[in-house]
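>
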Amino acid sequence: MEKENNYGKVIMNDPVIKGLISSTTRSCYGVINIAIKRPLLDRVYDIITQNQNSGVELFKDELGYYHVEIYVVLQVGLPIANVCREIQKRIKYDLLKYADINVKDVSVFVDDIRKLR
Amino acid sequence: MKYISGEDFKGLLEYGFLNLMKNKEIVDNLNVFPVPDGDTGTNMLLTYRSGYNAIKDLEGSIGKISKDFSKGLLMGARGNSGVITSQIFRGMSSVFQEHELVDCNIFVEALISASKTAYKGVMSPVEGTILTVIRETSIAMKEHRELEDFSIFIKHLVRISKEVLDNTPNLLPILKEAGVVDSGGYGLVVIFEGFQKFILHEEIGEVEPLSLEETVQDYSNPSEEEFGYCTEFIIEIDENKIKENTFNEDMLKQQLLKIGDSLAVVYDENIVKVHVHTLYPGQALNIGQKYGEFLKLKIENMTLQHQEIIKPATKSKYAILSVSNGEGIKKLFYDLGVTKIISGGQTMNSSTQDFIEKIKEVNAENIIILPNNSNIIMAAEQACSLVEDKNVGVVKTKSVMQALVALTFFDEEADLETNLEEMTEAYRDLVVGEVTHAVRNTVMNDVEIKIGDYISITDKEVICADKSNLRALELLLAKMCNENTELLTVVYGKEVSEDDKRAVEEYVSSIYPDIEAEFHDGGQEVYYFYVSCE
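Each protein sequence line maps, in turn, to chains A and B. Counting from -4, one number per residue, gives the positions in the first sequence under the working numbering. Counting from 1257, one number per residue, gives the positions in the second sequence under the working numbering.
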């Protein structure tokens, strides 16, 4: 992620942006966890390196737009479509606010629904 | 009053509803977290209304009323605050369920359960929100569980929840920065206040009827639509009908997918909500009716709406796109030759995507964009670099006034480069200013500003703040005009009265007799006057 302004360049690593997305998502109402979409070996690696962003994907397409994909586990008994809409809205807003990135779309994959506690 | 019955609870909920309706706009305006889009009040009200409609004509025990109410809330939940509200009442209803009558002790239990249920929905809750309000209130209310009189109990409830609400800015810095309390929490307190008004037989006062159209959420992007009719219906499963056709959610989905797409089916106990885009809405309804009777129906022709937007036109040499809000300004722009207006303004920044869509819509070789706001010049330039089959250029106008001047220098015969240069050159010596109102108390450039004051801005600096909008304009003109000024243009905003307009015209002609002055009705929001001098 690279941006240039009058003073010079700003470069943000992908994990930074993913971390931002991840923490925003975790504080959304209805989200129990971010799903792990990785093979076992990678998961072990994630645990060792304390990587919490494995369910977050960030792409840049050929036109230069950013796309976010996020895999989540939601609480049972909530209106799922509604909760997901809020997640999309917040990720889009927070990225613009904190990282000045205008993402084209945010895709939410509901991996599972579970009961917390 | 020691106990409340189902009938009383219904009254409580009704007054909660009326009070929320009355205070909707205040709640909307407090909305700064998590996304400051000013819809908390609207979302809460629409959610609450859906719950209220479910119990409006219902009689029975408090358990039944609260159960149906919470179900209604869940069915109509909109937005974050709506979802949380539905969870709060769901928690309460789980306690009320076994009871015919409820005393203070049980009500406290219900509040605790409400708080627990609401917190179940989130992994890392942010404090200083509606969640905090319900939790702290439920804890503090434990002290009052022995009370005999329910009206005193409700008074304590309102007092305590207000105290908790007032503390939210200390927990969430973003609220403190904006100088507000949490909007969702405020909404909840408003509902509690409604309860109190019912118990004490107070009047709610005049309530404006709800003018919002009931909209169902978008499940897809309609611009990418191929199918003709957006069809939505809610059916109540009929026991007799499903004896012949057993109901199966997957089967219903498969049948509907054969005739349409963008399908969403929500199934809850005995109610099914369906949203589908199809060319044959009749067939979709037939499929639905096999299982039960319709509670609600809505069919819209999307092909028609879509075609109106994408009418083809002959290819012209130039097209000019301009960003603006306000009807009058749009009309001014059209008069000056702008092809298409991109809606946007101070509070509503247009995105790169908006620009690209409009660029695609116009049929011209060369396209000139006037962003009219420093915040969106970047977006416009980015859009330029992404469009390949058309020549697009941006004149970096930072305000509507600059654009108006730039447009007068547009030459249909000249090439794009020359036009961009000429138009940019046109507003180089232009001095622009605005008069708007302050939204919070602050001090800028040694000017003390209070909420509701009219403030004058030129060159991004606040010059003065005054109680009168005319006085603010006079001070602004004094700063902007000098002996070299030849032409003065004033564009009136939406809220400027006819009397004020006359006063401004008289003032200008008497104080600045040597300057040629022009006045236009812009109809823009937020800004009372746009002023330019050249």
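A virtual CB, placed ideally from N, CA and C, is assigned to each residue, including glycine. Here the structure is a predicted model, which is why all the values come from computation and not from measurement.
1) Mind the definition here: the segment 1352 to 1367 of chain B touches the segment 1415 to 1432 of chain B only if three or more C-beta pairs lie below 8 Å; say whether that holds.
2) When you compare the CB of tyrosine 1475 of chain B with every CB in chain A, is at least one pair closer than 8 Å?
3) Could you spell out the range, first to last residue, of the alpha helix (DSSP H) harbouring glycine 1441 of chain B?
4) Buried or exposed, going by whether 16 or more other CB atoms sit within 10 Å of the CB of tyrosine 1485 of chain B?
5) Could you name the residues of the same chain whose beta carbon sits closer than 6 Å to that of threonine 1745 of chain B, not counting the 5 residues immediately before and after it, in chain order?
6) Is serine 1317 of chain B a contact residue of the ligand NAD, with contact defined as CB to any heavy atom under 7 Å?
7) Note down the Cα distance separating phenylalanine 54 of chain A from glutamate -3 of chain A, rounded to an integer number of angstroms.
8) Along chain A, in chain order, which residues have C-beta atoms closer than 9 Å to that of glutamine 1609 of chain B?
9) Counting only C-beta atoms, is tyrosine 2 of chain A closer than 8 Å to chain B at any point?
10) Thinking C-alpha only, which one of B:Asp1438, B:Asp1645 and B:Asp1591 is nearest isoleucine 1612 of chain B?
11) Across the segment 1315 to 1331 of chain B and the segment 1345 to 1355 of chain B, are there enough close Cβ pairs to call them in contact, namely three or more that are closer than 8 Å?
12) Considering Cα atoms alone, identify which of A:Glu(-1), A:Lys13, A:Val101 and A:Ile96 is closest to cysteine 79 of chain A.
13) Quick one: grab the DSSP three-state call for methionine 1700 of chain B.
14) Alpha carbon to alpha carbon, how far is glycine 1450 of chain B from alanine 1333 of chain B?
15) Run through DSSP, which three-state label would glycine 72 of chain A get?
16) Could you please give the first and the last residue of the uninterrupted beta strand (DSSP E) stretch that includes asparagine 1647 of chain B?
17) Give, in chain order, every unbroken run of the alpha helix (DSSP H) that is at least 4 residues long and sits entirely within the segment 1608 to 1643 of chain B.
18) Just by C-beta distance, which residues in the segment 1276 to 1293 of chain B are closer than 9 Å to chain A?
19) Would arginine 1391 of chain B be called buried (16 or more neighbouring beta carbons within 10 Å of its own) or exposed?
20) Who are the near neighbours of isoleucine 1490 of chain B in its chain, counting only those whose CB is closer than 6 Å to its CB and skipping five residues on each side?
21) Residues of the segment 1509 to 1523 of chain B with a CB closer than 8 Å to any CB of chain A: list them in chain order, please.
22) So who's on the other strand from leucine 1553 of chain B, going by DSSP bridges?
23) Using the Cβ count rule (16 or more neighbours within 10 Å means buried), how would you classify methionine 1507 of chain B?
24) Which full runs of the alpha helix (DSSP H) of 4+ residues lie inside the segment 1 to 38 of chain A, going along the chain?
25) Buried or exposed: which applies to tyrosine 93 of chain A, given that a residue is buried once 16 or more other Cβ atoms fall within 10 Å of its Cβ?
26) What is the DSSP secondary structure of lysine 1567 of chain B, counted as helix, strand or coil?
27) So glycine 1600 of chain B and glycine 1779 of chain B are supposed to be a Cβ contact under 8 Å. How far apart are they, rounded?
28) Cβ of threonine 1487 of chain B within 8 Å of Cβ of isoleucine 1408 of chain B?
29) Can you list, in chain order, the residues of its chain with a C-beta nearer than 6 Å to that of threonine 1471 of chain B? Leave out the 5 residues immediately preceding and following it.
30) Throw me the rounded Cβ distance for the asparagine 1336 of chain B and tyrosine 24 of chain A pair, which I believe falls under 8 Å.
31) Enumerate in chain order the residues of its own chain whose CB-to-CB distance from leucine 1512 of chain B is below 8 Å, with the five nearest sequence positions on each side excluded.
32) Which complete alpha helix (DSSP H) runs does the segment 1261 to 1313 of chain B hold, if anything under 4 residues is left out?
33) Using a C-beta cutoff of 8 Å, does valine 1339 of chain B count as contacting chain A?
34) Given that arginine 1334 of chain B touches chain A, what residues does it touch there, using C-beta distances under 7 Å?
35) Between the Cα of glycine 1316 of chain B and the Cα atoms of B:Thr1388, B:Leu1301, B:Arg1305 and B:Gly1262, which residue gives the shortest distance?
36) Under 6 Å Cβ to Cβ from tyrosine 60 of chain A, same chain only, skipping five residues before and after it: list those, please.
According to the structure shown:
1) no
2) With a pLDDT of only 35 at tyrosine 1475 of chain B, under 50, the local geometry of the prediction cannot be trusted, and the value read off the model is given with reservation. With 8 Å as the cut-off, tyrosine 1475 of chain B counts as an interface residue toward chain A.
3) 1439 to 1455
4) buried
5) Glu1774 and Ser1788
6) Summarising the ligand content, the structure contains no ligands, and the ligand NAD is consequently not present.
7) 14 Å
8) Tyr60, Asn97 and Lys99
9) no
10) B:Asp1645
11) yes
12) A:Val101
13) strand
14) 20 Å
15) coil
16) 1647 to 1650
17) 1608 to 1617 and 1633 to 1642
18) Pro1290, Val1291, Pro1292 and Asp1293
19) buried
20) Lys1529, Leu1551 and Lys1552
21) Ala1520 and Val1522
22) B:Phe1489
23) exposed
24) 9 to 21
25) exposed
26) Caution applies to lysine 1567 of chain B, whose pLDDT of 45 falls short of 50 and renders its modelled position unreliable; the value that the coordinates give is listed next. Lysine 1567 of chain B falls in the coil class under three-state DSSP.
27) The pair is not a contact, with the Cβ atoms about 15 Å apart (cut-off 8 Å).
28) no
29) Reliability of the predicted coordinates at threonine 1471 of chain B is poor, the pLDDT of 37 falling under 50, and no value is obtained from them.
30) 5 Å
31) Leu1519, Val1521, Val1530, Val1532, Thr1534, Ala1540 and Ile1543
32) 1262 to 1286 and 1296 to 1311
33) yes
34) Asn77
35) B:Gly1262
36) Lys99
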